[in-house]
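Engineer: Line by line, the protein sequences give chains A and B. Mind the numbering: the first sequence is residues 10 to 139 in our numbering, read in order. Mind the numbering: the second sequence is residues 30 to 493 in our numbering, read in order. Ideal Cβ placement from N, Cα and C applies to all residues, glycine included. Supplied in structure tokens, the structure appears directly below.
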Amino acid sequence: MANKKATIMILEDEELLLNAIKKKLEVSGFNPLGFLGAQAAVSYLQNEANELPDAVWLDYHLKDMDGLAFTKILKDTPRLSSIPIVVVSNSANDETVKNILALGVNKYILKAEHRLDDIIGVIENILETE
Amino acid sequence: MLDKKNLPKIIYSTFTVLILSQILMSIYAIISLIPVLAVVHILTLSFTVLLYYFFLQFYENLDQNTKLTEKQNKELTETKDKLTKLLIELEEEKQTTEKQKNELLKLELAIENASDPIVITDPEAKIIYVNKAVELITGYARNELIGAKPSLWGRQMSKEFYENLWYTIKTKKNNFHGLISNKKRDGTVYIADVNISPVINNEGEVLYFVGIERDVTQMKETDRMKTEFISLASHQLRTPLSTIKWYLEMLMDGDAGKMNKEQHEFITYINKANERMIELVNSLLNVSKIESGKLAIDPAPTDIVGVIDEIVTEMERRIKEKKLNFTLNISKEVPNSIDLDQKLVRQVIANILTNSVKYTPDFGSVNLDLYTDKDQLVFKVTDNGYGIPAKDQQKIYTKFHRGENIAKLDNDGTGLGLYLVRSIVEASGGKIWFESEENKGTTFWVSLPLAGVTAKKGIVSLDS
């Protein structure tokens, strides 16, 4: 299983964006695992029968939970705390960025400023150094 | 012989003639040995002398009386003058008092009718005066307020907050300024911008405390809504733009199959327009953030030369494309580290340099100089480009304004760049100025304090 595709969990509540990310990850050689809401993603992660993702692509503003709350759940659960998280958001309030980075998020990226390729590059870098 | 003193001349002369004639007559009678005549004349003489004496006494008294009256008159005049002077002084005094009274009345009316609530307390915080506005804002009547303490409508803040307030005004005898939540009689909580000053006598004792507050609840609410709008707009506007951007990226990358040349060309145009839209949204959001007054300035030790190198590297491709002669001169005096908000400085320098590169024709020259001047760090960007027409020079920092010559050349700019640049520079305690001549070129200077920019707490930061 040396060449097993890395699984990237994506949390994005805009379906069009989620589909774009999934498609781009697929063509880039990843195994995307998309969720439109955080609750469903948390349920998936808390079910020990499920395979854990190698990284999480997290939109900060989700309809059912904000990125900070989701990150807290992951960081407070020993089994999940080491999964790298990249926040990809459309708003970058200083305080929010500071708070979420303090929780141990690997990177905060402003969505409209970056190409999908760039963000995938960031994830690849994180996975390589992990 | 005769002491005439103050006798009238005629009386004096009459008596002199009478007395002399009686003496002569007496001597004649004695010489003539006529005793009866002599006795008669001597008696007449004695009588005349006696009469003269009485006249003399009478006139002496009369004279003294006259003298006395004159003296009294003089004294009276003096007294009258003094009285007149006193009356004038009194009148003046009256007018001054009247004026002061009017001034006091004016002051009292001003305080009483001021729109901001004003409270005066004794050193123990017992209220001795409130103006109308206090009644209006708190909902308590004046008779309930006088004698009470401001805690009547306070007590919404922490114990530590009030302890600090009292320490400031009573122990340190300094002014206190801060935002305080207060509670009206009907239970409504409002936010007040409060200023409290101790009134101190010559011995340094506190006589009163004067508190002035202003209800800023509405203002705070507007601020909150503005910030919320910024955050909402940034999210809402960027989401569709991101969608377009990412799908176009996949189309251009051939992720959905290969496009023909023309399709690729069209998609490239759409992408370019979309990037412009993203840039415009970013600029608009930055303007909005700056205007909300909540822009954070977060200085940290910055390797400014490193930042400049990064900006230049980012622009290298464009400089080469236009075959510009670019020079970078960094003076040796520029310190290795200065306390700057790197993000903001980057925005300023990148913006000015981008303008120079953009608005200088191919084969032109652009220079960036970094040096120190007294206590300032100076960035100087010079080009020999299109320049700013004289009639546009007054308006270059105006939002959405674009120079007439460059607007004809391309329609790519937002007209927000220099507005943002100046706002950032001024918020950082720096200065920006320029010299320009159409078709000859432009030089921009930006100076920032070498001692570093002052931190400003805010809740928003600019996007690139």
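Closer than 9 Å by beta-carbon distance: list the chain A residues that pair up with B/D368, in chain order.
Structural biologist: Counting from 1 along the second sequence, the entry for residue 368 of chain B is found at position 339. Here the premise fails: no neighbours, minimum Cβ distance about 18 Å.
Engineer: Could you tell me which chain A residues have their CB closer than 7 Å to the CB of B/Y495, listed as they occur along the chain?
Structural biologist: Residue 495 of chain B lies beyond the stretch modelled for chain B, which goes from 30 to 493, so this question has no answer here.
Engineer: Determine the chain A residues that contact B/A325 at a beta-carbon separation under 7 Å, and present them in chain order.
Structural biologist: The residue labelled residue 325 of chain B in the question sits at position 296 within the second sequence. Ordered by position in chain A, the residues that pass the 7 Å Cβ test against B/A325 are D103.
Engineer: Using only alpha-carbon positions, find the residue among B/F205, B/A221 and B/E189 that is nearest to B/W182.
Structural biologist: On the second sequence, position 153 is the one that residue 182 of chain B refers to. Closest option to B/W182, Cα to Cα, is B/A221.
Engineer: Going by DSSP, name the residue or residues bridged to A/A64.
Structural biologist: Along the first sequence, read from residue 1 onward, the residue named residue 64 of chain A stands at position 55. Per DSSP, A/I17.
Engineer: Taking 7 Å as the limit between beta carbons, can you name the residues of its chain near B/P418, skipping five residues before and five after?
Structural biologist: Taking the first residue of the second sequence as 1, we reach residue 418 of chain B at position 389. These residues qualify, in order along the chain: G432, E433, N434 and E467.
Engineer: Work out the CA separation of A/K120 and B/A436 for me, nearest whole Å.
Structural biologist: If you number the second sequence from 1, residue 436 of chain B lands on position 407. If you number the first sequence from 1, residue 120 of chain A lands on position 111. Cα to Cα, the separation comes out at about 30 Å.
Engineer: Answer with buried or exposed for A/F44, where buried requires no fewer than 16 other C-beta atoms within 10 angstroms of its C-beta.
Structural biologist: Within the first sequence, numbered from 1, the residue matching residue 44 of chain A stands at position 35. Classification of A/F44: buried, given that the 10 Å Cβ count is 16 or more.
Engineer: On the DSSP letters alone, give me the boundaries of the beta strand (DSSP E) that B/Y400 sits inside.
Structural biologist: As a working note, residue 400 of chain B is residue 371 in the second sequence. Segment S394 to D402, the beta strand (DSSP E) holding B/Y400.
Engineer: Please classify B/A329: is it buried, with 16 or more other beta-carbons within 10 angstroms of its beta-carbon, or exposed?
Structural biologist: Here residue 329 of chain B refers to the residue found at position 300 when the second sequence is read from its first residue. Classification for B/A329: exposed.
Engineer: Can you tell me which of the three DSSP states A/H70 falls into?
Structural biologist: The residue given as residue 70 of chain A occupies position 61 in the first sequence. Here A/H70 sits in strand by DSSP.
Engineer: Is the CB of A/A78 under 8 Å away from at least one CB in chain B?
Structural biologist: On the first sequence, residue 78 of chain A is found 69 positions in, with the first residue counted as 1. No, A/A78 does not count as interfacial toward chain B.
Engineer: Chain A partners of B/R267, CB-CB under 7 Å?
Structural biologist: Position 238 of the second sequence, counting from 1, holds the residue named residue 267 of chain B. Ordered by position in chain A, the residues that pass the 7 Å Cβ test against B/R267 are N99, K120 and A121.
Engineer: Taking DSSP as the reference, what is the three-state secondary structure of B/Q265?
Structural biologist: In the second sequence, the residue the question calls residue 265 of chain B occupies position 236. Three-state result, B/Q265: helix.
Engineer: What are the complete beta strand (DSSP E) segments, minimum 3 residues, inside the stretch 401-458 of chain B?
Structural biologist: The stretch 401-458 of chain B contains these whole beta strand (DSSP E) runs: 405-412.
Engineer: Mark A/E35 as exposed unless 16 or more other C-beta atoms lie within 10 angstroms of its C-beta, in which case mark it buried.
Structural biologist: Position 26 of the first sequence holds residue 35 of chain A. When all chains shown are included, A/E35 counts as exposed.
Engineer: Counting only beta-carbon atoms, is B/S321 nearer than 8 Å to chain A?
Structural biologist: Reading the second sequence from its first residue, position 292 is the one you call residue 321 of chain B. Output row for B/S321: interface = no.
Engineer: So that I know if they touch, is there some Cβ in chain A lying closer than 8 Å to that of B/H293?
Structural biologist: As a working note, residue 293 of chain B is residue 264 in the second sequence. Closer than 8 Å: no.
Engineer: Pull up the CB-CB distance for B/S360 and B/L397, whole angstroms please, since I reckon it's below 8 Å.
Structural biologist: Residue numbering aside, residue 360 of chain B sits at position 331 when the second sequence is read from its first letter. Residue numbering aside, residue 397 of chain B sits at position 368 when the second sequence is read from its first letter. Not really, about 12 Å apart at Cβ, beyond 8 Å.
Engineer: Measure the C-alpha to C-alpha separation of B/E343 and B/Y276 and round it to an integer number of angstroms.
Structural biologist: For the purposes of this step, residue 343 of chain B is identified with residue 314 of the second sequence, where counting begins at 1. For the purposes of this step, residue 276 of chain B is identified with residue 247 of the second sequence, where counting begins at 1. Whole-angstrom Cα-Cα distance: 25 Å.
Engineer: Closest by CA to B/N413, which one among B/Q423, B/S394, B/V407 and B/H430?
Structural biologist: Walking along the second sequence from the start, residue 413 of chain B turns up at place 384. Considering only alpha carbons, the answer is B/S394.
Engineer: Relative to the alpha-carbon of B/Y219, which residue among B/D327, B/V245 and B/V228 has its alpha-carbon at the smallest distance?
Structural biologist: Your numbering for residue 219 of chain B matches position 190 in the second sequence. With distances taken between Cα atoms, B/Y219 lies closest to B/V245.
Engineer: In three-state terms, what does DSSP make of A/N40?
Structural biologist: Locating residue 40 of chain A in the first sequence gives position 31, where the first residue counts as 1. Looking at A/N40 - three-state DSSP - the assignment turns out to be strand.
Engineer: Can you find a C-beta in chain B that's less than 8 Å from the C-beta of A/K107?
Structural biologist: Sequence index remark: in the first sequence, residue 107 of chain A carries index 98 (1-based). Taking Cβ atoms only, chain B never reaches closer than 8 Å to A/K107, which makes this a no.
Engineer: Which residues share a DSSP beta bridge with B/E242?
Structural biologist: Position 213 of the second sequence, counted from the first residue, corresponds to residue 242 of chain B. Answer by DSSP bridge pairing, in chain order: B/V223.
Engineer: How big is the Cα-Cα spacing for B/L353 and B/V334?
Structural biologist: Position 324 of the second sequence, counted from the first residue, corresponds to residue 353 of chain B. Position 305 of the second sequence, counted from the first residue, corresponds to residue 334 of chain B. If you take the alpha carbons of B/L353 and B/V334, they lie about 21 Å apart.
Engineer: Expressed to the nearest angstrom, what Euclidean distance is found between the alpha-carbon atoms of B/P364 and B/T472?
Structural biologist: In the second sequence, counting from the first residue as 1, residue 364 of chain B sits at position 335. In the second sequence, counting from the first residue as 1, residue 472 of chain B sits at position 443. Taking the straight line from one Cα to the other gives about 23 Å.
Engineer: Less than 8 Å between the CB atoms is what I'm expecting for A/A47 and A/D73, so what's the real figure, rounded?
Structural biologist: Taking the first sequence and counting its residues from 1, one reaches residue 47 of chain A at position 38. Taking the first sequence and counting its residues from 1, one reaches residue 73 of chain A at position 64. The pair is a contact, with the Cβ atoms about 5 Å apart (cut-off 8 Å).
Engineer: Helix, strand or coil: how does DSSP classify B/Y88 here?
Structural biologist: Position 59 of the second sequence, counted from the start, is the residue given in the question as residue 88 of chain B. Of the three classes helix, strand and coil, the one that applies to B/Y88 here is helix, per DSSP.
Engineer: Based on Cα-Cα distance, which residue from B/L314, B/E320 and B/R375 lies nearest to B/V341?
Structural biologist: Position 312 of the second sequence, counted from the start, is the residue given in the question as residue 341 of chain B. If we check each option's Cα against that of B/V341, B/R375 comes out closest.
Engineer: Roughly how many whole angstroms lie between the Cα atoms of B/K301 and A/E133?
Structural biologist: Against the second sequence, residue 301 of chain B aligns to sequence position 272. Against the first sequence, residue 133 of chain A aligns to sequence position 124. Taking the straight line from one Cα to the other gives about 27 Å.
Engineer: Of all Cβ atoms in chain B, is any one closer than 8 Å to the Cβ of A/V36?
Structural biologist: Locating residue 36 of chain A in the first sequence gives position 27, counting from the first residue. Output row for A/V36: interface = yes.
Engineer: When the Cα atoms are used, what is the spatial distance from B/I59 to B/Q93?
Structural biologist: Position 30 of the second sequence, counted from the first residue, corresponds to residue 59 of chain B. Position 64 of the second sequence, counted from the first residue, corresponds to residue 93 of chain B. Taking the straight line joining both Cα atoms gives about 41 Å.
Engineer: Rounded to the nearest angstrom, how far is the Cβ of B/T167 from that of B/Y237, given a contact under 8 Å?
Structural biologist: On the second sequence, position 138 is the one that residue 167 of chain B refers to. On the second sequence, position 208 is the one that residue 237 of chain B refers to. Not really, about 19 Å apart at Cβ, beyond 8 Å.
Engineer: At what residues does the alpha helix (DSSP H) containing B/E164 begin and finish?
Structural biologist: As a first step, residue 164 of chain B must be located in the second sequence, where it is residue number 135. That run of the alpha helix (DSSP H) goes K161 to T167.
Engineer: Are any of the Cβ atoms in chain B nearer than 8 Å to that of A/D75?
Structural biologist: Within the first sequence, numbered from 1, the residue matching residue 75 of chain A stands at position 66. No, A/D75 does not count as interfacial toward chain B.
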